Every structure is written in structure tokens, then in C-alpha cells.
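Sequential numbering from 1 applies to the sequence shown in my numbering.
Cβ coordinates follow ideal geometry from the N, Cα and C atoms, glycine included.
What you are looking at is a predicted structure, and each value in this text was computed from that prediction instead of being measured.
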Amino acid sequence: MQQPTPPIRHLVIVLGDQLDLNASALQDVDPHRDVVWMAEVMEESTHVPSSKQRTALFLSAMRHFAQALRERGWTVHYTQLDDADNSGTLAGELARAIAHWQPEALCMSAPGDWRVLQAIQASAKAHQKLLALRDDLSFFTTVRDFAAHAKGRKQLRMEYWYREQRQRFGVLMDGKQPVGGQWNFDADNRASFGKQGPQELPAPQRFAPDETTEDVLALVSRVLPHAPGQLSDFAWPVTRAQALQALDDFITHRLPLFGQYEDAMWAGEPWLYHSQLSACLNLKLLSAQEVVQAAEHAWARGHAPLPAVEGFVRQILGWREYVRGMYWTQMPRYIDRNALDAQEALPEFFWTGETDMACLRDAVQQTLRYGYAHHIQRLMVLGLYGLLRGVHPQHMHAWFLSVYVDAVEWVELPNTLGMSQFGDGGLMASKPYAATGKYIQRMSNHCQGCRFDPAQSVGPQACPYTTLYWDFLMRHEALLKTNPRMAMQLKNLGRLSSAQRDAIGQAAALHRQS
Ligand SMILES: Cc1cc2nc3c(=O)[nH]c(=O)nc-3n(C[C@H](O)[C@H](O)[C@H](O)COP(=O)(O)OP(=O)(O)OC[C@H]3O[C@@H](n4cnc5c(N)ncnc54)[C@H](O)[C@@H]3O)c2cc1C
Ligand code: SF4
Numbered sequence: 001m002q003q004p005t006p007p008i009r010h011l012v013i014v015l016g017d018q019l020d021l022n023a024s025a026l027q028d029v030d031p032h033r034d035v036v037w038m039a040e041v042m043e044e045s046t047h048v049p050s051s052k053q054r055t056a057l058f059l060s061a062m063r064h065f066a067q068a069l070r071e072r073g074w075t076v077h078y079t080q081l082d083d084a085d086n087s088g089t090l091a092g093e094l095a096r097a098i099a100h101w102q103p104e105a106l107c108m109s110a111p112g113d114w115r116v117l118q119a120i121q122a123s124a125k126a127h128q129k130l131l132a133l134r135d136d137l138s139f140f141t142t143v144r145d146f147a148a149h150a151k152g153r154k155q156l157r158m159e160y161w162y163r164e165q166r167q168r169f170g171v172l173m174d175g176k177q178p179v180g181g182q183w184n185f186d187a188d189n190r191a192s193f194g195k196q197g198p199q200e201l202p203a204p205q206r207f208a209p210d211e212t213t214e215d216v217l218a219l220v221s222r223v224l225p226h227a228p229g230q231l232s233d234f235a236w237p238v239t240r241a242q243a244l245q246a247l248d249d250f251i252t253h254r255l256p257l258f259g260q261y262e263d264a265m266w267a268g269e270p271w272l273y274h275s276q277l278s279a280c281l282n283l284k285l286l287s288a289q290e291v292v293q294a295a296e297h298a299w300a301r302g303h304a305p306l307p308a309v310e311g312f313v314r315q316i317l318g319w320r321e322y323v324r325g326m327y328w329t330q331m332p333r334y335i336d337r338n339a340l341d342a343q344e345a346l347p348e349f350f351w352t353g354e355t356d357m358a359c360l361r362d363a364v365q366q367t368l369r370y371g372y373a374h375h376i377q378r379l380m381v382l383g384l385y386g387l388l389r390g391v392h393p394q395h396m397h398a399w400f401l402s403v404y405v406d407a408v409e410w411v412e413l414p415n416t417l418g419m420s421q422f423g424d425g426g427l428m429a430s431k432p433y434a435a436t437g438k439y440i441q442r443m444s445n446h447c448q449g450c451r452f453d454p455a456q457s458v459g460p461q462a463c464p465y466t467t468l469y470w471d472f473l474m475r476h477e478a479l480l481k482t483n484p485r486m487a488m489q490l491k492n493l494g495r496l497s498s499a500q501r502d503a504i505g506q507a508a509a510l511h512r513q514s
């Protein structure tokens, strides 16, 4: 096919997390008049120190996607990270492409991140180009839907949003009622593995790197040698076909027990019954609709029980759409919120895993090795430690955005700053997710192999989580007293003598210094 020549009609912008052949921006591409623009830029790997696996996943998936577009006969203006004249920024690469192709207008599906939208809008303005922004169709809802839901409500809660979406899209519904007669099966979904541990865990499907991925792995090792994490275990899906295989593998082998063990942890077992689909979803190799449909279908044909399927659907139709709405309706001020005035630095062991705390060590080491940790590890081990210690939410945010292969700001920020650090003062979570080491003991086997004791808050064996938990309540007692959901925890705090309080305060200070 003959390639378009400048001036063209549309320069169609495709970002690294917009790898969907059905994306709104691609729906009316005319290969004779339009050019697709994609760019690998250093800025995206360094504005936070993106881990090697995260960068490699994005670049490999982008290169495979660009190839799929070329196979359609479309022209793709693609900059590789190590191209000699790569300016290193989205704005710089866009400027070069605009100068070359002289498009009438720029066109794209709405980007996920505020920062990126600002950069592209500024570029369009600087070059006096119209920017056509289209809805991202890979979600069930739009940000406008969320804003309409939020309007006039004193308090936002995911549960109400989720029920509305179940009704609106007819997901797991029997007429106007939820199938099974209840909206929520959380009570069925909190099992631990008990003393015997998980039995015959189904090994998830992993994907050996092909030639394109091998090239990317070599490139990342060469140009980002000091980025966090490792590459030797890279095996993430990087194409649409692989993403569909990963979805099928989850539905077949892990969905039936997903709900029951959703909150459980086990040392040395990173995957358990989780889907590992977040990166595919966030890069748009899969749409939210097709993932939810696949789970619902598994229930309808009797393959997976309702609590498992409802628990899974809740994460995607509920939480995922909710945090996106929260992000876009609260930005840009949201990122600077620090309701608990937490000022501590991030401890160095978040980058190395070198700590005696067995639960944290396991979660950090697994994160650096695979770019993955499941939700309870992120919330109730990694996030919990930061919350209790009083680490600045910006530092926690930067770390979570750096290390996970699924990390994109629109979903990472509300989860980190809001849900796990209570930095937004209660927009995302109705109370801080604060707990002692006993929670970790109940949900995992970590404490069996740890030199600390979760029942002790002071002394040489005191579990740092337990010490810091009481210290956290003491430091924020006045603020937390206004929250009725904290009443029980504060009542227990009230039982401590002033001598016990002093000892805990000293132990917490000592732990911070160490
Ligand atoms: C501090 C913190 C940071 C997080 N950062 C990210 C992030 O950068 N990117 C990201 O996609 N998720 C993030 N999450 C949410 C969640 O932990 C991950 O989506 C999940 O662990 C990914 O693994 P999985 O695909 O195996 O999920 P599963 O347990 O199999 O869940 C299924 C899917 O539901 C969605 N989901 C589940 N929980 C959430 C949630 N709280 N918010 C939004 N979607 C959810 C994901 O798309 C996930 O793939 C974060 C959570 C916390 C507490
Ligand atoms: S004792 Fe404390 S630090 Fe050790 S594994 Fe248990 S919760 Fe983690």
C-alpha cells in the first residue's frame, strides 16, 4: 500500500498503555491519509525510577503492537528508545513528528495519566494543532459517569458505585436483583491456607520471551543498568494473543478458588489464585468488559462458584472503575495530599529486600524479581508498613509506581495515597487500613519463619508492625477519634497504661532509627 505523504490528515497518538486495535482513536484510521505515532522515551522510565521489568513490558508490548498495526497496512511513525535522535520526551518526539508529517490535527484515545494529558495538550497548543480526545472504550464507564455518580454525595463509597454498575450493565443480575440474592460475598472470601498451606497450586501460564522481547531485554539492561528489579524471570504476556491465553488460563485454573483465597498469603508463593491480568488490562491488551464477561460465563456454565466470580467482578467493575473515576475527578490536587502529615523517608530495604521482617522481605524480593505482588501484599504488608511508620505518601507513591509491571498512575495513586496511606483523609477508604502483625500472622505463614513475634509490641522480639501500630494510633489519636469506625481500635488503645505507651513510643523510635 502506498504510504501517506505530508501533509497528512491525522497524526494518531498511541501511548504505551493504549495497545488496543479497537481503541476509539484507531476506529476511523485512513491508511492513505493518517499516520499512527508511537514513541519509546526515556522520560517515561525515569520520572520515577521505573523497574527493569516494567520498562521491558511496556516496550515489548509496544513493539508487538506497532507490528500488528503495520500488518494492517498502516504507517507507524515509531521512535525506539535508543534511536540516535530520540529527544527523550513525549513532547520532543511529538514535535519532531508534527514537523515531519504536518498533520491537520492530532487524535487520540483519552490518556490514563494527568501528567501525560498535560504534556500532549501543551504540545498540541504549542504547534497550533487541534487535539481530538476520544473516550477510552476499554473501561465500562467514563469519567463523566463517575462525576455524575459523585455529584451531591457527601461521602463516596465503592460499594454503591459497584451496585449501580452491576445494574446498569446487567452483570451477575437476575432482573433488578443480584444473582444469589446478595451483592457481596466478602464474608466467604477471607480464608487463609491454614497450617497445611496451599495444596497443588496451579502454575500460571508464563510466556518465554520471543526475539522482539529478547531485543528489549538486552536494550533495557544496557541503557537502564541501575533501574530497580531484575529481568531474568521476565515472562509476561506482550501480545493480544498471549493476553487472551492468560485470561483463559486464569478462568480455567484459578478463578474457582480466587474468592476463597483472595486475601491469603504464603511465603515463596507469589501467584496463588490471582489472575495476574492487571498489566494486560492496563496496557489494554484486554478490555474490562471481556474479562468480566469471561468470569460471568464461567459461573453461568457451573465452572466457578458465585462468591469467586462476584469477588473477581467486584475488583474490575467495582474497584478498578472506581479508582479511575476518583483519580480523574480529584487530580491534580490529589497527588499532593498528606492528611496524616507523614514525613518519614522510605527505608532503603524497599529497594533491596534486606530486612529481618520476613513478610516484608518476601514481598519486596518477589516484587523485584517479578514486578508483581498481589493486592493483600501491597495493602497489608508493604503499604501497611509505610502507613504505620509514617512514610511520606509521595515516597510510597513513587515506589509503587516504579516497581510493578501494572503500575500506571491513574490506578496506582488512589490505591497507594488513598487506600493504603490514608493520605486523602478518607476519600478512598472509610478508615485507615491499620493492623498489627497479628493480621499477617492470621493470613499467612510468614511469622513462623520470622525472628519477631507479632504478639509483642516491645522488647527484642517485638514485631515492628505491632509496635508501629500502637504508635500510629497514639500519634493520630485525636484525628482518629472523629471516625466512628476506629472506635474499637481506640478503645483498645485506651486500655494501655501510660508506662506501656511510653515504652511503645520508645520502641517505635528505636525501630525507625535502625
Ligand atoms: C498500594 C497499592 C498499589 C496498587 N497499585 C496498582 C497499580 O499500579 N496497578 C494496578 O493495576 N493495580 C494496583 N493495585 C491494585 C491491586 O493490588 C492490583 O490490581 C492487583 O494486585 C494486580 O494483580 P492481579 O492482576 O493478580 O489481581 P487480581 O487479584 O487477580 O484482581 C483482578 C483484577 O482486579 C483489578 N483490581 C483488583 N484490585 C484493584 C484495586 N484496588 N484497584 C484497581 N483495580 C483492582 C485489577 O485489574 C486486577 O487485575 C494497587 C493496590 C495497592 C493496595
Ligand atoms: S512477626 Fe511481624 S515482621 Fe515478622 S513476619 Fe510476622 S508480621 Fe511480619
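Problem set entry | Closer than 7 Å: residue 393 CB and nearest ligand 2 heavy atom | On the sequence shown, position 393 is the one that residue 393 refers to. No, the Cβ of residue 393 stays beyond 7 Å of every heavy atom of ligand 2.
Problem set entry | Nearest neighbour of residue 236, chosen from 247, 228, 227 [CA to CA] | The residue labelled residue 236 in the question sits at position 236 within the sequence shown. Comparing Cα-Cα distances from residue 236 to each of 247, 228, 227, the minimum goes to 247.
Problem set entry | Expected contact under 8 Å - CB spacing of residue 234 and residue 53 to nearest Å | Reading the sequence shown from its first residue, position 234 is the one you call residue 234. Reading the sequence shown from its first residue, position 53 is the one you call residue 53. That pair is a contact at about 6 Å.
Exercise. Sorted by chain position, which residues of the same chain lie with C-beta nearer than 6 Å to residue 78's C-beta, five sequence neighbours on each side aside?
Worked result: Position 78 of the sequence shown, counted from the start, is the residue given in the question as residue 78. Cβ within range, chain order: 38, 66.
Problem set entry | Distance between beta carbons of residue 358 and residue 366, contact taken as under 8 Å | The sequence position of residue 366 within the sequence shown is 366, counting from 1. The sequence position of residue 358 within the sequence shown is 358, counting from 1. Between residue 358 and residue 366 the Cβ distance is about 12 Å, and since that is not below 8 Å, they are no contact.
Exercise. How should residue 297 be labelled, buried or exposed, when 16 other C-beta atoms within 10 angstroms of its C-beta is the threshold for buried?
Worked result: Here residue 297 is taken as the residue at index 297 of the sequence shown, counted from 1. With fewer than 16 other Cβ atoms within 10 Å, it is exposed.
For this session: Kindly indicate the opening and closing residues of the beta strand (DSSP E) around residue 96.
Result: Locating residue 96 in the sequence shown gives position 96, counting from the first residue. No beta strand (DSSP E) holds residue 96; the alpha helix (DSSP H) holding it covers 90 to 101.
Problem set entry | Simplified DSSP assignment, three categories, for residue 508 | Taking the sequence shown and counting its residues from 1, the one referred to as residue 508 is at position 508. Reduced to three states, the DSSP call for residue 508 is helix.
Exercise. Short check: CB of residue 259 to CB of residue 193, under 8 Å?
Worked result: As a first step, residue 259 is located in the sequence shown; it is residue number 259 there, counting from the start. As a first step, residue 193 is located in the sequence shown; it is residue number 193 there, counting from the start. With respect to residue 193, residue 259 sits apart: the two C-beta atoms are not nearer than 8 Å.
Problem set entry | Secondary structure, beta strand (DSSP E): runs of 3+ residues fully inside the stretch 178 to 210 | none
For this session: Specify the secondary structure class of residue 62 as computed by DSSP and reduced to three states.
Result: Along the sequence shown, read from residue 1 onward, the residue named residue 62 stands at position 62. In the structure shown, residue 62 sits in a helix (DSSP, three-state: H, G or I).
Exercise. Taking all protein chains shown into account, do 16 or more other C-beta atoms lie within 10 angstroms of the C-beta of residue 342, making it buried, or fewer, making it exposed?
Worked result: Taking the sequence shown and counting its residues from 1, one reaches residue 342 at position 342. Residue 342 comes out buried.
Problem set entry | Test item: CB-CB of residue 230 and residue 368 under 8 Å | What you label residue 230 is simply residue 230 of the sequence shown in a count that begins at 1. What you label residue 368 is simply residue 368 of the sequence shown in a count that begins at 1. Contact flag set, yes.
Exercise. Would the beta-carbon of residue 415 be found less than 7 Å away from any heavy atom of ligand 1?
Worked result: Here residue 415 corresponds to residue number 415 of the sequence shown, with the count starting at 1. The answer is yes for residue 415.
Problem set entry | residue 11 - partner residues in DSSP beta bridges | Within the sequence shown, residue 11 is the residue found at index 11, counting from 1. Paired residues: 35, 106.
For this session: For the alpha helix (DSSP H) holding residue 252, just list the boundary residues, first then last.
Result: Translated into positions along the sequence shown, residue 252 becomes position 252. Segment 240 to 253, the alpha helix (DSSP H) holding residue 252.
For this session: Please name the residue or residues paired with residue 344 in a DSSP beta bridge.
Result: Numbered from its first residue, the sequence shown carries residue 344 at position 344. Residue 344 pairs with 391.
For this session: Taking only heavy atoms of ligand 2 into account, decide whether any of them is closer than 7 Å to the Cβ of residue 18.
Result: On the sequence shown, position 18 is the one that residue 18 refers to. Not so, every heavy atom of ligand 2 lies at least 7 Å from the Cβ.
Exercise. Residues in its own chain within less than 8 Å of residue 7 by CB, not counting five upstream and five downstream?
Worked result: Locating residue 7 in the sequence shown gives position 7, counting from the first residue. Closer than 8 Å at the Cβ level, and outside the excluded window around residue 7, lie 101, 102, 103, 104.
Exercise. Cα separation between residue 75 and residue 89?
Worked result: Position 75 of the sequence shown, counting from 1, holds the residue named residue 75. Position 89 of the sequence shown, counting from 1, holds the residue named residue 89. Rounded to the nearest angstrom, the two C-alpha atoms are 22 Å apart.
Exercise. In the structure shown, what three-state DSSP assignment does residue 79 receive?
Worked result: Translated into positions along the sequence shown, residue 79 becomes position 79. Of the three classes helix, strand and coil, the one that applies to residue 79 here is strand, per DSSP.
Exercise. What are the boundary residues of the beta strand (DSSP E) that includes residue 134?
Worked result: The residue you call residue 134 lines up with position 134 of the sequence shown. Per DSSP, residue 134 belongs to the beta strand (DSSP E) from 130 to 134.
Problem set entry | Identified DSSP bridge partners for residue 462 | As a working note, residue 462 is residue 462 in the sequence shown. Bridge partners of residue 462: 453.
Problem set entry | C-alpha distance - residue 490 paired with residue 15, whole-angstrom precision | On the sequence shown, residue 490 is found 490 positions in, with the first residue counted as 1. On the sequence shown, residue 15 is found 15 positions in, with the first residue counted as 1. Approximately 47 Å between the Cα atoms of the pair.
Exercise. Quick one: what's got a C-beta closer than 6 Å to residue 425's C-beta in the same chain, skipping five residues either side?
Worked result: Position 425 of the sequence shown, counting from 1, holds the residue named residue 425. Hits under 6 Å: 339.
Exercise. How big is the Cα-Cα spacing for residue 116 and residue 13?
Worked result: For the purposes of this step, residue 116 is identified with residue 116 of the sequence shown, where counting begins at 1. For the purposes of this step, residue 13 is identified with residue 13 of the sequence shown, where counting begins at 1. Their Cα atoms are separated by approximately 12 Å.
Exercise. Looking at C-beta atoms only, is the number of pairs between the stretch 265 to 276 and the stretch 436 to 447 that lie closer than 8 Å three or more?
Worked result: yes
Problem set entry | Helix, strand or coil at residue 331 [DSSP, three-state] | The residue given as residue 331 occupies position 331 in the sequence shown. Coil.
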